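Structure first, then comments.
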Amino acid sequence: MTIPSLTVRNVLKRFSGQMAVDDVSFSLNPGERVALLGHNGAGKTTLFKIILGFLKSDGGDVSVLQSAPGSNAARQASAYLPESVAFPPALTGEEVLKFYARLKGRKPSEAMPLLTRVGLKDAAGRRVGTYSKGMRQRLGLAQALIGRPRLVLLDEPTTGLDPISRQTVYELIGEIAERGATVLLSSHALTELEARTDRILILSRGKLVADDVLSRLRAEAGLPIRLKVWT
Ligand code: ATP
């Protein structure tokens with residue numbers, strides 16, 4: 000029997016009486032690449048924070064590889080890349096990654112191969128303050144991948160990126176999934192997800208209104224019109 004990497008059951012979250020996440024349930028299996036789509040304010044970040052254990056839900060439950068969100072086991076097994084990553088500008092890419100490797104109890108020697116994989120080998124000795132947004136995002140991805148996490152959460156990893164960085168991000172997502180880890184990424188860019196994800200979850204005003212492969216979602220009557228908002 001496959002053990003899901005992530006199970007979200009009937010999760011609820013209210014802010015001042017307003018529902019931000021409304022009875023959401025889904026489960027992700029090892030090796031799946033899944034996109035979480037929704038307008039601004041749909042509840043994506045709130046759901047991520049609950050999965051990561053940064054925020055307590057008002058109902059339902061979440062399990063990350065059979066552990067409670069925020070527990071040591073869940074933290075060890077998962078990685079998170081926020082929408083915009085801030086690194087100390089005076090440190091070099093290599094110094095940043097070695098620092099994170101130590102923080103995660105890994106060997107600093109894991110840093111250079113990861114920097115090479117995200118296309119930052121030549122920039123490894125440069126201060127991060129001189130990096131472009133795409134380079135910082137790739138460094139963030141390298142940092143998230145230290146220690147081979149089994150669940151990777153990426154909050155809008157391609158927003159505002161140049162085409163080369165975007166391509167690198169999707170290639171890495173494919174590689175992470177091929178080694179059996181699960182990737183959940185939030186996005187507004189529906190058109191670029193089609194060949195790059197296995198499933199799409201759509202959140203609308205906190206409710207999960209769709210969970211399927213994109214080709215079937217497109218075929219459903221009326222859905223292309225609603226989805227157009229994100230293309
Ligand atoms: P975006 O794409 O803009 O990041 P999102 O889908 O991530 O949006 P959330 O940030 O999860 O949406 O917000 C969901 C709802 O919850 C919104 O109405 C937001 O205003 C509200 N909300 C989120 N965090 C808080 C908070 N700390 N206090 C009060 N309301 C909040």
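230 is the number that numbering that gives the first Met the number 0 gives the last residue of the sequence shown; the numbers go up by one with no jumps.
Backbone N, C-alpha and C define an ideal beta-carbon position, used for all residues, glycine too.
Just so you know, these numbers come straight off a predicted model, no measurement behind them.
Give a yes or no on whether the C-beta atoms belonging to residue i and residue j are separated by under 9 Å.
{"i": "L96", "j": "S77", "result": "no"}
{"i": "R198", "j": "R74", "result": "no"}
{"i": "S164", "j": "Q136", "result": "yes"}
{"i": "F53", "j": "G69", "result": "yes"}
{"i": "P29", "j": "R149", "result": "yes"}
Closer than 6 Å by C-beta to residue i: which residues in its own chain qualify, once you throw out the five before and the five after it? Chain order, please.
{"i": "D21", "result": "G205, K206"}
{"i": "K106", "result": "none"}
{"i": "L152", "result": "F47, Y79, L183"}
{"i": "A123", "result": "G92, E93, L114"}
{"i": "T157", "result": "R165, V168"}
Does the ligand ATP have a heavy atom nearer than 8 Å to the CB of residue i?
{"i": "S185", "result": "yes"}
{"i": "L90", "result": "no"}
{"i": "L80", "result": "no"}
{"i": "L216", "result": "no"}
{"i": "T45", "result": "yes"}
{"i": "Q17", "result": "yes"}
Taking all protein chains shown into account, do 16 or more other C-beta atoms lie within 10 angstroms of the C-beta of residue i, making it buried, or fewer, making it exposed?
{"i": "Q17", "result": "exposed"}
{"i": "D154", "result": "buried"}
{"i": "Q65", "result": "exposed"}
{"i": "S186", "result": "buried"}
{"i": "F86", "result": "buried"}
In its own chain, which residues sit with a C-beta less than 8 Å from the C-beta of residue i, not counting the 5 before and 5 after it?
{"i": "V10", "result": "V20, D22, V23, S24, L46, I49, S56, G58, G59, D60, V61"}
{"i": "G104", "result": "G146"}
Near residue i, what residues of its chain come up, given a Cβ to Cβ distance below 7 Å and the 5 sequence neighbours on each side ignored?
{"i": "L27", "result": "P3, S4, L5, V33, T181, L183"}
**Prompt:** Which parts of the segment 68-92 are runs of the alpha helix (DSSP H), unbroken and 4 residues or longer, counting only runs that do not cross its ends?
**Reply:** 71-76, all fully within the segment 68-92.
**Message:** I'd like the ranges of any alpha helix (DSSP H) spanning at least 4 consecutive residues and lying wholly in the segment 91-120.
**Reply:** Every alpha helix (DSSP H) of 4 residues or more that sits fully in the segment 91-120 is shown, in chain order, as 92-102, 110-116.
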